[in-house]
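Accompanying notes for the structure given below.
Residue numbers (our numbering), protein chains in the order written: chain Y, 464 to 1018; chain L, 16 to 167.
Here it is as structure tokens:
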């Protein structure tokens, strides 16, 4: 990294070449794998006819050409891409065939995160990920920069300090004197919390012990994953029982599985199901400063997030199925840029009791603490009329389809021929059992999910927060700031019209899977009160929330 | 509204007729296609009237409120303070009838006001732009006063 007159310019670490090329290389390698034998025999000179050579070369030559193009394009792009950071902007300039200059205002950056996977750890490099608070790029990270870990930390700290100075300068001060005073005041504050290269281990507000992370991983495991693992275990046991007596355990296991690959797959499934969160959240720690949350975790992929508190649009207090059975809670943050690329949520609190969870929210996000105990109401008993109407419509639909199949001669004969074929294969009794069983299964699923929805779905119209409770087996309580709700969409279908109830969908700024929250069947009055609060609360009021230092205390 | 609906119906009916005449499909399926086409035609004839009666919008100093729908009634409520983009668009059918649509964009998605005449669409877009600027000025004033209080 070069610095000149406060302007820093650099290129990404060359390792990014491998990261950008590996997928293309892997695909080419896969294609080549299909021709390994032919290439091998040509090399061994067993077959050297021109025809044999042609058979291989029509694959090899394009692969070599494509490989050459990939390497050329990727290397050239790396050579011609430069990053320049000054007080106010980050400029990304790419001078290839299509010249592009992207200028990102630092005041628009919402998140500055760091990431380091296993291979990057081995080479001492880290990724810095920057996200802007923008809907159009909410799905992906806006900027990814790969640098040596030390330089990555420096760059991250520099960006955050410039962002703070930028924010102080552009929030509007009526006179130059106050502006200067503000700048120096802010700089002092900034040096306190931002110029540290990395937060020292003891300086975090919350450090979760490894045992608790392990338990969190178990409590967060989906029930279906446990069923899958148990089923695999049954397969192994059956395989072992059927295997030859007297062989070694590895051979018996291989017999039971059929291959070493199957054993590895089983081990991977267990790790993925039961220990995924342990690996993901290993070393979990958080620090809260007046304006940001610093979150760090990860074993195979280290992640460090710096999340501005005023850009947190919602929090989710969740209870996966197992956690719900044993009374454990966990909390995630919703904002643009937080979380990994696949989950899009940053963990705030790992699985713990309700008391511990509330204490953690009070300490780490006191802005949201007022909303956690807001009163919520369930859907009223009219919900069951709605369910009856829906079931009636469902069965009426099934009846119409079956009647139509009966009335139309071609479809009638087709239907009976299918049933006839099934009866021939498995017997008439079992054929009808399967048909009725499938129908009953749909009904049971419908009934169970309706009961689950009625038991869980609630809504709370608090003073500053909207609370939406949802979930059939796993429970999720979402706290949305009214000022962060971008718009609401009230809906009323045919069945809901019979009971004069509405559902509603609330839209916030977040990655697509997390930007939409729907609530259950409630009266128009409930939604009108939410409408009123949404309009009354301005989004910029939340931006002005600054927690005083005395509110963030170390235990 | 009727024309837009009928164009959609014509496309579906045309595809259905093409399938019936030229595709080699099982006769049972043909009957189902005919039933489907009749259903679409009936819906295409009655839904514009219902949609027209149901469609309404309201724009105040604080919000935009749009209600529309046929089988499902949808009501979109957008606070003006959340808007950051306004777009006026005129498709080919809109141009035939001197109409336009105004799309407003928030950080959470878009909402559209449809079937407005040109003059009204331009007036709404201009008014919304003025309101957005007023809201931005209010926001700046609020943040300044808040930071001054903090500094004290």
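Cβ coordinates follow ideal geometry from the N, Cα and C atoms, glycine included.
Exercise. If you draw a straight line from the C-alpha of residue 901 of chain Y to the C-alpha of residue 894 of chain Y, how long is it?
Worked result: 11 Å
For this session: Below 6 Å CB to CB, which residues in the same chain sit around residue 738 of chain Y once its five sequence neighbours on both sides are set aside?
Result: 680
Problem set entry | Bridge partners - residue 923 of chain Y, DSSP secondary structure assignment | Y/930
For this session: Measure from the C-beta of residue 972 of chain Y to each C-beta in chain L and report whether the shortest distance is under 8 Å.
Result: yes
For this session: Could you run through the segment 115-140 of chain L and flag, in chain order, every residue whose CB is less than 7 Å away from some CB of chain Y?
Result: 121, 122, 123, 124, 126
For this session: Output the boundary residues of the alpha helix (DSSP H) element that contains residue 112 of chain L.
Result: Neither: residue 112 of chain L is in no alpha helix (DSSP H) and is coded neither H nor E.
For this session: For the segment 574-624 of chain Y, list the alpha helix (DSSP H) runs that are entirely contained and at least 4 residues long, ordered along the chain.
Result: 581-586
Exercise. Relative to chain L, which residues along the segment 832-864 of chain Y have a C-beta separation below 9 Å, given in chain order?
Worked result: none
Exercise. Among L/30, L/146, L/159, L/109, which one has its Cα closest to the Cα of residue 128 of chain L?
Worked result: L/109
For this session: Kindly indicate the opening and closing residues of the alpha helix (DSSP H) around residue 863 of chain Y.
Result: 845-870
Exercise. How should residue 1003 of chain Y be labelled, buried or exposed, when 16 other C-beta atoms within 10 angstroms of its C-beta is the threshold for buried?
Worked result: buried
Exercise. Is residue 852 of chain Y closer than 8 Å to residue 922 of chain Y when the C-beta atoms are compared?
Worked result: no
Exercise. Under a CB-based cut-off of 8 Å, is residue 56 of chain L close to chain Y?
Worked result: no
Problem set entry | Residue from L/33, L/67, L/32 with nearest C-alpha to residue 19 of chain L | L/67
Exercise. Helix, strand or coil: how does DSSP classify residue 550 of chain Y here?
Worked result: coil
Exercise. Residues in the segment 61-89 of chain L with C-beta within 7 Å of chain Y's C-beta atoms, listed in sequence order?
Worked result: 77, 78, 86, 87, 88, 89
Problem set entry | Per DSSP, cross-strand counterpart(s) of residue 78 of chain L | L/94
Problem set entry | Counted within 10 angstroms of its Cβ, other Cβ atoms place residue 619 of chain Y as buried (16 or more) or exposed | buried
Exercise. In chain order, what residues of the segment 933-967 of chain Y put their CB closer than 7 Å to some CB of chain L?
Worked result: 949, 950, 951, 952, 953, 954, 955, 956, 957
Exercise. What's the call for residue 773 of chain Y, buried or exposed, on a 16-neighbour Cβ count within 10 Å?
Worked result: buried
Problem set entry | Between the CA atoms of residue 876 of chain Y and residue 864 of chain Y - distance to the nearest angstrom | 15 Å
Exercise. What residues from the segment 972-1002 of chain Y come within 7 Å of chain L, judged by C-beta to C-beta, listed N to C?
Worked result: 972, 978, 994, 997, 998, 1001, 1002
Exercise. Looking at the structure shown, is residue 967 of chain Y part of a helix, part of a strand, or coil, going by DSSP?
Worked result: strand
Problem set entry | Cβ of residue 20 of chain L within 8 Å of any chain Y Cβ | no
Exercise. In three-state terms, what does DSSP make of residue 25 of chain L?
Worked result: helix
Exercise. How long is the line joining the alpha carbons of residue 661 of chain Y and residue 675 of chain Y, rounded to whole angstroms?
Worked result: Only weak support exists for where residue 661 of chain Y lies, its pLDDT of 49 falling under 50; the value from the coordinates is given anyway. Taking the straight line from one Cα to the other gives about 24 Å.
Exercise. Considering residue 981 of chain Y, what are the terminal residues of the beta strand (DSSP E) in which it resides?
Worked result: 979-985
Exercise. Going along chain Y, which residues have a C-beta under 7 Å from residue 102 of chain L?
Worked result: Simply none; closest approach about 14 Å.
Exercise. Where does residue 540 of chain Y fall in DSSP's three states?
Worked result: helix
Problem set entry | Cut-off 7 Å between Cβ atoms - residues of its own chain near residue 953 of chain Y, not counting five sequence neighbours on either side | 965, 967, 990
For this session: Quick one: list the residues of chain L neighbouring residue 1004 of chain Y, beta-carbon separation under 8 Å, in chain order.
Result: 157
Problem set entry | Three-state class that DSSP yields for residue 815 of chain Y in the structure shown | strand
Problem set entry | Spatial distance of residue 829 of chain Y from residue 903 of chain Y (CA atoms) | 48 Å
Problem set entry | At least 3 beta-carbon pairs within less than 8 Å: the segment 913-920 of chain Y vs the segment 754-762 of chain Y | no
Problem set entry | Cβ-Cβ distance between residue 470 of chain Y and residue 549 of chain Y below 8 Å | yes
Exercise. Roughly how many angstroms separate the alpha carbons of residue 1046 of chain Y and residue 928 of chain Y, rounded to a whole number?
Worked result: Here chain Y has residues from 464 to 1018 only, and residue 1046 of chain Y is not among them.
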